[in-house]
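Engineer: With the first letter of the sequence shown counted as 1, position 88 gets the number 91 in the numbering used here; the numbers rise by one all the way through.
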Amino acid sequence: MLKHYLRIAWLTIRNHKLYTAINILGLSIGICACVVIYLIARYDLSFDRFHPDGDRIYRIVGDVQTNDDNTFFLNCPPEQAALEHAIPGFEAQAIFHTFGRAVTIPAGGGKPAQDFSASQDGQWATSIILAGPDFFTLFPHRWLVGSPAVLKAPNQVVLSERVARRYFGNGPLDKVIGRTVIYNDSLPVTVAGIVDDWDRLSDLNYTGFISISTASNSWVRQQFPTADWGSLHPHQSQAFVKLAKGMTPERVNAALADYVRKTKAHFFPGTKNMHLYLQPLSDMHYTPDFHPSDSGDDFPKVYRPVLYALMGVAGFILLLAVINFINLSTAQSLQRIKEVGIRKVMGSSRKGLIFQFLTETLLLTTVSVVLSALLVGPALRLFRDYIPQGVAFPLDGSNLLFLLGITVFATLMAGFYPARLLSSYLPVLSLKGALDRIGTGGGGLRKALIVFQFTVSLVFIIGCLVIGQQMRYMRSADKGFSSDAIVTINSWRAKPELMRLFVQNVQHLAGVRQAIVQGNAPMGFAHSGANFVYRGNELKDLPIMVQPANADFIPFYGMKLLAGRNIFPGDSVREGVINETYARTLGFDQPGDAVGRLLYRDSVAYTITGVVADFHQGSFHENIKPEVIMHEPRAMQSIAIKLATQGKQAGDGKAILAAMEGEWKKVFPKTPFNCSFLNESITWLYQEETNSAWLMQVAMAITILISCMGLFGLALFTAGRRAKEIGIRKVLGATVSNVTLLLSKDFLLLVLLALVIASPIAWYFANAWLADFAFRQPMNVWLLVEAGLAAIGIALLT
Numbered sequence: 004m005l006k007h008y009l010r011i012a013w014l015t016i017r018n019h020k021l022y023t024a025i026n027i028l029g030l031s032i033g034i035c036a037c038v039v040i041y042l043i044a045r046y047d048l049s050f051d052r053f054h055p056d057g058d059r060i061y062r063i064v065g066d067v068q069t070n071d072d073n074t075f076f077l078n079c080p081p082e083q084a085a086l087e088h089a090i091p092g093f094e095a096q097a098i099f100h101t102f103g104r105a106v107t108i109p110a111g112g113g114k115p116a117q118d119f120s121a122s123q124d125g126q127w128a129t130s131i132i133l134a135g136p137d138f139f140t141l142f143p144h145r146w147l148v149g150s151p152a153v154l155k156a157p158n159q160v161v162l163s164e165r166v167a168r169r170y171f172g173n174g175p176l177d178k179v180i181g182r183t184v185i186y187n188d189s190l191p192v193t194v195a196g197i198v199d200d201w202d203r204l205s206d207l208n209y210t211g212f213i214s215i216s217t218a219s220n221s222w223v224r225q226q227f228p229t230a231d232w233g234s235l236h237p238h239q240s241q242a243f244v245k246l247a248k249g250m251t252p253e254r255v256n257a258a259l260a261d262y263v264r265k266t267k268a269h270f271f272p273g274t275k276n277m278h279l280y281l282q283p284l285s286d287m288h289y290t291p292d293f294h295p296s297d298s299g300d301d302f303p304k305v306y307r308p309v310l311y312a313l314m315g316v317a318g319f320i321l322l323l324a325v326i327n328f329i330n331l332s333t334a335q336s337l338q339r340i341k342e343v344g345i346r347k348v349m350g351s352s353r354k355g356l357i358f359q360f361l362t363e364t365l366l367l368t369t370v371s372v373v374l375s376a377l378l379v380g381p382a383l384r385l386f387r388d389y390i391p392q393g394v395a396f397p398l399d400g401s402n403l404l405f406l407l408g409i410t411v412f413a414t415l416m417a418g419f420y421p422a423r424l425l426s427s428y429l430p431v432l433s434l435k436g437a438l439d440r441i442g443t444g445g446g447g448l449r450k451a452l453i454v455f456q457f458t459v460s461l462v463f464i465i466g467c468l469v470i471g472q473q474m475r476y477m478r479s480a481d482k483g484f485s486s487d488a489i490v491t492i493n494s495w496r497a498k499p500e501l502m503r504l505f506v507q508n509v510q511h512l513a514g515v516r517q518a519i520v521q522g523n524a525p526m527g528f529a530h531s532g533a534n535f536v537y538r539g540n541e542l543k544d545l546p547i548m549v550q551p552a553n554a555d556f557i558p559f560y561g562m563k564l565l566a567g568r569n570i571f572p573g574d575s576v577r578e579g580v581i582n583e584t585y586a587r588t589l590g591f592d593q594p595g596d597a598v599g600r601l602l603y604r605d606s607v608a609y610t611i612t613g614v615v616a617d618f619h620q621g622s623f624h625e626n627i628k629p630e631v632i633m634h635e636p637r638a639m640q641s642i643a644i645k646l647a648t649q650g651k652q653a654g655d656g657k658a659i660l661a662a663m664e665g666e667w668k669k670v671f672p673k674t675p676f677n678c679s680f681l682n683e684s685i686t687w688l689y690q691e692e693t694n695s696a697w698l699m700q701v702a703m704a705i706t707i708l709i710s711c712m713g714l715f716g717l718a719l720f721t722a723g724r725r726a727k728e729i730g731i732r733k734v735l736g737a738t739v740s741n742v743t744l745l746l747s748k749d750f751l752l753l754v755l756l757a758l759v760i761a762s763p764i765a766w767y768f769a770n771a772w773l774a775d776f777a778f779r780q781p782m783n784v785w786l787l788v789e790a791g792l793a794a795i796g797i798a799l800l801t
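(1) Of all the CB atoms in chain C, is at least one closer than 8 Å to the CB of G713?
(2) Just the C-alpha distance for V325 and A417, rounded to the nearest angstrom, thanks.
(3) For G57, which residues from the same chain have a beta carbon less than 6 Å from its beta carbon, with the 5 sequence-adjacent residues on both sides left out?
(4) Exposed or buried, V244, counting other C-beta atoms within 10 Å across all chains shown (16 or more means buried)?
(5) In three-state terms, what does DSSP make of T251?
(6) Leaving out five residues on either side along the sequence, give the residues of the same chain with a beta carbon under 6 Å from the beta carbon of D177.
(7) W146 by DSSP, collapsed to three states: which one?
(8) Rounded to whole angstroms, what's the CA-CA distance from M782 to P763? Just pull it up for me.
(9) Taking the beta carbon of A771 as the centre, do at least 16 other beta carbons fall within 10 Å, making it buried, or is it exposed?
(10) Does the distance from the C-beta atom of L367 to that of I709 stay below 8 Å?
(11) From the DSSP output, which residues share a beta bridge with I132?
(12) Look at the alpha carbon of P55 and the alpha carbon of N158, and state the distance between them as a whole number of angstroms.
(13) Taking the alpha helix (DSSP H) that E664 belongs to, which residues open and close that run?
(14) Does the Cβ of E666 lie closer than 7 Å to at least one heavy atom of the ligand NAD?
(15) Are there three or more Cβ pairs, one per stretch, closer than 8 Å when the stretch 695-705 is compared with the stretch 452-468?
(16) Inspect the CB distances between the stretch 551-570 and the stretch 626-635 and report whether three or more fall short of 8 Å.
(17) Does the beta-carbon distance from A167 to F138 come in below 8 Å?
(18) What three-state label does DSSP hand F750 in the structure shown?
(19) Taking just the CA atoms, how far does K20 sit from G436?
(20) So, for R440: in the same chain, excluding its five sequence neighbours on each side, which residues have a beta-carbon less than 6 Å away from its beta-carbon?
(21) So within the stretch 173-205, which uninterrupted beta strand (DSSP E) runs reach at least 3 residues, ignoring any that extend past its ends?
(22) With the cut-off set at 8 Å, would you say A260 and K673 are in Cβ contact?
(23) Give the secondary structure of C711 by DSSP, where H, G and I count as helix, E and B as strand, and everything else as coil.
(24) Report the partner residues of P151 according to the DSSP bridge assignment.
(25) DSSP three-state label for H288, please.
(26) Between the alpha carbons of K543 and R600, how many angstroms are there, rounded?
(27) What's the call for W687, buried or exposed, on a 16-neighbour Cβ count within 10 Å?
(28) Please classify D66: does DSSP put it in a helix, a strand, or coil?
(29) If I measure Cβ to Cβ from I320 and keep anything under 6 Å in the same chain, skipping five residues before and after, which residues do I get?
(30) Leaving out the 5 sequence neighbours to the left and right, which residues in its chain are closer than 6 Å to P252 when beta-carbon positions are compared?
(31) Any idea if I731 is buried or exposed, counting beta-carbon neighbours within 10 angstroms, 16 or more meaning buried?
(32) Tell me the DSSP bridge mates of D118?
(33) Measuring CB atoms only, is the stretch 499-516 touching the stretch 661-668, in the sense that at least three cross pairs come out at less than 8 Å?
(34) Give the DSSP-derived three-state secondary structure of A566 in the structure shown.
(35) Going by the beta-carbon positions, is the gap between L589 and G527 smaller than 8 Å?
(36) From A44 to E87, what distance separates their C-alpha atoms?
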């Protein structure tokens, strides 16, 4: 019987090649999009899910509230040695500190030493930590040589197998024990153990473990003076605990709150409140904020709502493809009326007919799934810039099970209603052709489904227009400084005199207009802060952003002085230029009124010499914050170089960059030359928005394509069904335009109805998205008009 059903299904498919092609192509595109999004979601939802008792492992994190009511996330508690003993309910606990950016392996025998990067493969995050044996209690590794006890002694290091072979070759691993590794050119340690590399996704995928007691027995104690929790410092440390069985995170959170309250700990100058709490290990990979700026973690993070929105888009795309199938199948049912009548007269039951039509749908769906699987690889390569690097499509059990589930789901969703409709026709009416005159049913459903399809498409079209408008605004808006043709180089541990030497050398290169040493670029992720007090009519004690700079900074970036003068050169000068937001915060209506006033930091007075026009420090999500530009030589660990070329991309000045790298190697022979164009760095501030724009554009293209394919099939069917009517109208004098309008007006009315439904929905979500920006381009009703005209034009072309 099944063979008979498959044969009939094949004959039906062969006799309706165009409709079959539309159905298969629509389903293939929809399923391919679903598979790609499933792979992304599976990748991002798989981090740190494999640790034993992972549901009992938590990271201690916190939020700190400043005196001006801003809240910042801390990836670990600050320096508090008593905290590790004050909170009950921990079965195990471990802290570690990230460390190092350079690795040197002495070769011996007169051979030159080899230098390696300490970053994780393909990431900025370091792969080296200072840790103790308790780290491996919480996060077990398979030991190939040695045991966790080796980390009790100072100046010991444990390496992962992959890194050990990278450093020392492919010989026996036990021969690596006792070899020397030098970190940051000045910290020699001895290899004491080798562990196996994790083969699962983790944000804790470190490959070098220096004993934590090394810090207190070397120059590293300047950063981490103790081996207990007294050395914890956000951005450089993390603290993990494993709860005892029966202990709940709520009880621990209450104990942490009680600890903060009893110690009256604000922990940082300029803060008034601290909230410490447990973060589940499974939540560590995700940021709670759409624009996290600097969360204190080096590893990449994912914004969960965007991931869930991506999964929702996948569902909508698959639903549109299924709707296409239903529309075309119900429209085609007119051509199969007599077939159904004959089959019923010959004894076919309704269940048998339903099974036959579902078999046809299963065959089409199977072909679509196979085709979509072939398209996944090219799709991943095409969109590789927007897809996490580790996403792949192996035909493993999980992926095959997902494809099977998609096949079953699409078959039932797309095939059940058409099969039920076709099998419901009465044989007498079918054979007499009466159904041809009174209709086959489903017309209202077809119209409703078309409206739904174009409503979804219009929501995506309007979303694309809104995001595109905001992105153009952020790129073209005045940032308050010039960022064109500026290259930045960050060197966090370089000696100031060497940085100045490099700047002097690079100034003489052809194609370089100017070079300066600075704290950081005006706009970006890294900004330092300090607490300043103004003793005016009202005492104002606020945390203020600090821009370490010299007298070259303001003219280099083309900033506008509103009042006063620039800071003078000189390392001992105690003066600063503030931005106009800071001047208003201090209570001055006119910028000039702030000039000459004194600010105090740690009882040291600094004179305000000028007020500079506001400039953006972070993304357009954030308000401009009070800031002071002042000379702080110890904090100036970045270099900015302005090129004579007008190009803004790295490819426009390859020769200049090569010459700069040559000068860099002369001054810093062991430090890699890593530079970036400032405009490109600023673009990274909008990475989430860029990804959202890409998501909307791809979703819009796919939904429009699928909707138009369905509209094309229905229009083709309608035209064929009304062929005699069209012939009569043309004989009576109707023009091609008249006939086109006749056939199109019904569909255009449906598109207009979809626009009416989509507009308030899109307006609501677009305004909600824009509300997250402190600086934004407001919604414009003309966007809805553009979207409507685009949809009408697409429908007419179809």
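Cβ atoms here follow ideal geometry from the backbone N, Cα and C, with glycine treated the same way.
Structural biologist: According to the data block:
(1) Note that chain C does not occur in the displayed structure, where there is just one protein chain.
(2) 5 Å
(3) L284
(4) buried
(5) coil
(6) V148
(7) strand
(8) 12 Å
(9) exposed
(10) no
(11) T101, F212
(12) 29 Å
(13) 657-670
(14) Looking for the ligand NAD in the displayed structure turns up nothing, as the structure carries no ligands at all.
(15) yes
(16) yes
(17) no
(18) helix
(19) Residue confidence for G436 is low, a pLDDT of 49 falling below 50, so the modelled location carries little weight; the figure read from the coordinates is stated next. Whole-angstrom Cα-Cα distance: 24 Å.
(20) Because the pLDDT of R440 is 45, which lies under 50, any placement of that residue in the model is unreliable, and the number read from its coordinates should be weighed accordingly. Result list for R440: empty, nothing under 6 Å.
(21) 183-186, 190-198
(22) no
(23) helix
(24) P151 pairs with nothing; no bridge assigned.
(25) coil
(26) 13 Å
(27) exposed
(28) strand
(29) G33, A36, I705
(30) L281
(31) exposed
(32) T107
(33) yes
(34) strand
(35) no
(36) 36 Å
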